[in-house]
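Numbered per mature numbering (1 follows the signal peptide of the UniProt record, and there is no 0), the sequence shown spans residues -27 to -1, 1 to 77.
All residues carry an ideal CB built from backbone N, CA and C; glycine is no exception.
Notes follow once the structure below has been shown.
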Amino acid sequence: MTRSMTRFASPALVLAAIAATATPSLAETSKPQRAESQQIVMICATDAATRRAYQREFGVQPVFVSARETLNARSNGETWSTPRCMTAREYARLNQLAETRAGL
């Protein structure tokens, strides 16, 4: 794994784990259903090296999404063929929004 891939691969695993615990309805469904409704989001830097690493790994340029776009996609059952990218700032916002929704 290249150095730039390492910069966003580990946080992506953390985000996937948080997403699974923040959305109990997804965690409780059977595996095939969960796979169909899953949106993978990775924390990515916006530099050229990270973009090249992402393209090598997934075959396309990274698509950056906001925290709100991610939550809306989840609510609408939208699926993605490749992981989406998110800046560290948007990741923090996603955690904040997830905690707010969990508290309701």
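If residue i sits next to residue j, beta carbons under 8 Å apart, how far is it from one beta carbon to the other, in whole angstroms?
{"i": "residue 41", "j": "residue 14", "result": "12 Å between Cβ atoms; not a contact."}
{"i": "residue 28", "j": "residue 53", "result": "Wrong, their Cβ atoms sit about 16 Å apart, outside the cutoff."}
Out of the options, which one is the CA nearest neighbour of residue i?
{"i": "residue 18", "options": "38, 54, 11", "result": "38"}
{"i": "residue 55", "options": "62, 21, 30, 23", "result": "30"}
{"i": "residue 74", "options": "60, 33, 45", "result": "45"}
{"i": "residue 69", "options": "51, 43, 34, 21", "result": "43"}
For the alpha helix (DSSP H) containing residue i, list its first residue and its last residue.
{"i": "residue 43", "result": "40 to 48"}
{"i": "residue 79", "result": "Only positions -27 to 77 of the chain appear in the structure, and residue 79 is not among them; the question remains open."}
Alpha carbon to alpha carbon, how far is residue i from residue j?
{"i": "residue 36", "j": "residue 72", "result": "25 Å"}
{"i": "residue 24", "j": "residue 32", "result": "11 Å"}
{"i": "residue 47", "j": "residue 62", "result": "19 Å"}
{"i": "residue 64", "j": "residue 16", "result": "7 Å"}
{"i": "residue 51", "j": "residue 26", "result": "25 Å"}
{"i": "residue 21", "j": "residue 67", "result": "24 Å"}
{"i": "residue 59", "j": "residue 34", "result": "13 Å"}
Would you give the residue range spanned by the beta strand (DSSP E) that residue i belongs to?
{"i": "residue 14", "result": "14 to 16"}
Cβ-heavy atom distance between residue i and the ligand ZN below 7 Å?
{"i": "residue 64", "result": "No copy of the ligand ZN appears in this structure; indeed no ligand is present at all."}
Can you tell me which residues form a DSSP beta bridge with residue i?
{"i": "residue 57", "result": "14"}
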